[in-house]
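What follows is a single structure, written as structure tokens, with notes after it.
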Amino acid sequence: MAVNFRGRSLLTLLDLSRNDIRYLLDISHLLKAERTAFQINQRFTGKTLAMLFEKRSTRTRCAFETAFGEEGGHPVFLSESDIQLGAKESIEDTARVLGRMFDAIMFRGFSQKTVETLAEFSGVPVFNGLTDMFHPTQVLADLMTMEENFGHLDNLNFVFTGDGRNNMANSLMVGCAVMGVNCTILAPDSLYPESELVDTVKQIAYDSGSVITVTSSPEEAVPGADVIYTDVWVSMGEEEKAKERVALLTPYRVNRGLMEMADNPEVIFMHCLPAVKGNEVTAEVIESTSSVVWDEAENRKHTIKALMVASLL
Ligand code: CP
Ligand code: NVA
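Dropping the structure here:
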């Protein structure tokens, strides 16, 4: 089925169909090949992108900024200390003003509600560059990286281990379910994803022919895994939970033993980065030949460019 992504926002992968994601991934692979061949295009000439940040970023900021800028567009970085974002001016009013001046907005911050309000009131496409709830552009890069490694996504066995209720676990569950990837969330009971989201995702997975599992048992989760994925134990904004998380999550660290438990010589290790080596993953695993984290980081740029090409041209 033909996909028309023009003018669309990306707030959560729950809004995307399998065809939509397929379309974005196909463009991503083409754009990566183009970039690798040093082909220069100027697709965004005359366009502007507002980049709003309440939280820090290396990959997401650089991916949006370089992807937009190298195609002739003008990205404008606006941190919380630069503009009135909900402090002296409401999100609604900020959105209305930015919508009059920019062709698109990307937002990284705390509340999912903020990115939704920006989309509702700006009248231009809005891209979620991470909230407490979701990190959809990261998952596009993750799916692309899995496809590069295995040549397909169908019925791969994906295991996320760690904080099962954070933005990455939430978004990965959705992305896997939409694309027909079997997804297991391996986490202690107290960090299981919200049951309402799990129920929604299970329905999506049923339709795509994949299976979603939530378990606290590595022996149940890991054998047969194609991908072992983890994220930081303490997400941005939760710094006061650091001690408690180390105690809870140490049994869920990705180390050589956990990788070997997959019993799959082709298993790959993934991480959205930044990583706290020695916490959620050992230096040995992240530096091993099974680790694809640097490809994954690079793919942020190609997938984000693809999203903007699909939405803005
Ligand atoms: N993975 C990711 O979003 O990285 P940054 O926080 O550096 O943007
Ligand atoms: N869960 C992490 C992801 C960072 C890309 C955080 O929100 O800090």
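Just so we're aligned, residue 18 is where the sequence shown starts under the numbering used here, counting upward by one.
Cβ atoms here follow ideal geometry from the backbone N, Cα and C, with glycine treated the same way.
- Counting other Cβ atoms within 10 Å of its Cβ, H169 stays below 16 and is therefore classed as exposed.
- The set of residues with any CB-heavy atom separation to the ligand CP below 7 Å comprises, in chain order, R73, S74, T75, R76, T77, R78, L147, H152, Q155, C289, L290, P291, R317.
- W250 is classed as buried because its beta carbon has at least 16 other beta carbons within 10 Å across all chains shown.
- The straight-line gap separating the alpha-carbon atoms of G90 and L66 is approximately 8 Å.
- When E255, E71, P282 are compared, the shortest CA-CA separation from P240 is found for P282.
- With a threshold of 8 Å, the Cβ atom of N145 does not count as near the ligand NVA, since no heavy atom of the ligand is closer than that.
- Not one heavy atom of the ligand NVA lies closer than 8 Å to the C-beta of M118.
- Note on geometry: alpha-carbon atoms of E277 and L324 lie some 36 Å from one another.
- M185 has its Cβ nearer than 8 Å to a heavy atom of the ligand NVA.
- Per DSSP, the continuous beta strand (DSSP E) segment holding S96 begins and ends at 91-96.
- The ligand NVA approaches S252 closely enough that one of its heavy atoms is under 8 Å from the residue's Cβ.
- Listed in chain order, the alpha helix (DSSP H) elements of length 4 or more contained wholly in the stretch 191-232 are 212-225.
- Setting aside the 5 residues that flank it on each side, L115 is surrounded in the same chain by A67, I122, S139, each with a C-beta closer than 7 Å to its C-beta; the list follows chain order.
- In terms of Cα proximity to E164, the closest of L41, Q101, R60, G103 is L41.
- Only residues of its own chain outside the window of five on either side were considered, and among them Q155, M185, D248 have a CB closer than 6 Å to the CB of C289, listed in chain order.
- Secondary structure at N183: coil, using DSSP grouped into helix, strand and coil.
- Take the alpha-carbon of L329 and the one of N21: they are about 11 Å apart.
- Under the 10 Å beta carbon count, T201 is surrounded by 16 or more other beta carbons and is classified as buried.
- The three-state reading of DSSP puts F127 in coil, since its state is none of H, G, I, E or B.
- Here D180 is buried: its Cβ has 16 or more other Cβ atoms, across all protein chains shown, within 10 Å.
- If you ignore the 5 residues before and after F127, its C-beta comes within less than 8 Å of the C-beta of E71, K72, T148, D149, G254, all in its own chain and listed in chain order.
- Taking non-hydrogen atoms of the ligand NVA into account, the C-beta of V249 is found less than 8 Å away from one of them.
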